[in-house]
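Here the working numbering is used: the first residue of the sequence shown is 8, the next is one more, and so on.
The beta carbon of each residue, even a glycine, is placed where N, CA and C say it ideally should be.
All of these numbers come straight from a predicted model, not from anything done at the bench.
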Amino acid sequence: MYDFLFHGLGHKKWLLLFALCSMAPVYAANNGTVARSQFTTRIENREPVDQVLVLNNDITTLYFFTDVRNMEGRTVTHIWEYNGQVIAMKQFSIKGPRWRVFSQKELDPSMTGEWTVIIKDDRGWPLAVSVFRYVDSESGKKNIILPL
């Protein structure tokens, strides 16, 4: 039904996701964790209001939310990629044992396709990866936005 969600995802991205899932518990035991991360259309009271999986290009503002645990005094970076190319980076200083951060991206409606945010720590270690599809609103594909 939603095959287009996964169309174009190369085996490298799946290998990266598998590696993160396999190694993260060992690394996180001593280095903090990302408890939650997701794309959302809006932030209210430092919390996401929904979760975006597929977004039509008639919506041009998108947020990426992250809930970081046990990383006080360190930094995390949101790295926004479009079709594998880095488009933007936003670094955050973590100032408490539970710290919520978000970055905002104004999307160019012509840049349809796969968007990814990689969350890295101050040593460059990837902590989490999230992907969404940005689709042409005239293609007939619908938004997939999950309520929370």
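Mark residue 159 as exposed unless 16 or more other C-beta atoms lie within 10 angstroms of its C-beta, in which case mark it buried. Outside the displayed span of the chain (8 to 155) sits residue 159, for which this structure offers no information.
Which value, in whole angstroms, describes the spacing of the CA atoms of residue 33 and residue 76? Confidence at residue 33 is low in this model, with a pLDDT of 47, below 50, so the placement of that residue is unreliable and no value is reported for it.
contact_flag[the stretch 130-143, the stretch 100-110] where n(CB pairs < 8 Å) is 3 or more: no
Just checking, does the stretch 40-60 make contact with the stretch 95-103 on the three C-beta pairs under 8 Å criterion? Flag = no, the stretch 40-60 and the stretch 95-103 do not touch.
Indicate whether residue 73 and residue 41 have their beta-carbon atoms separated by less than 8 Å. yes
As assigned by DSSP and simplified to three states, the class of residue 145: helix
Taking the alpha-carbon positions, what's the residue 143 to residue 133 distance? Using only the alpha carbons, I get a separation of about 30 Å.
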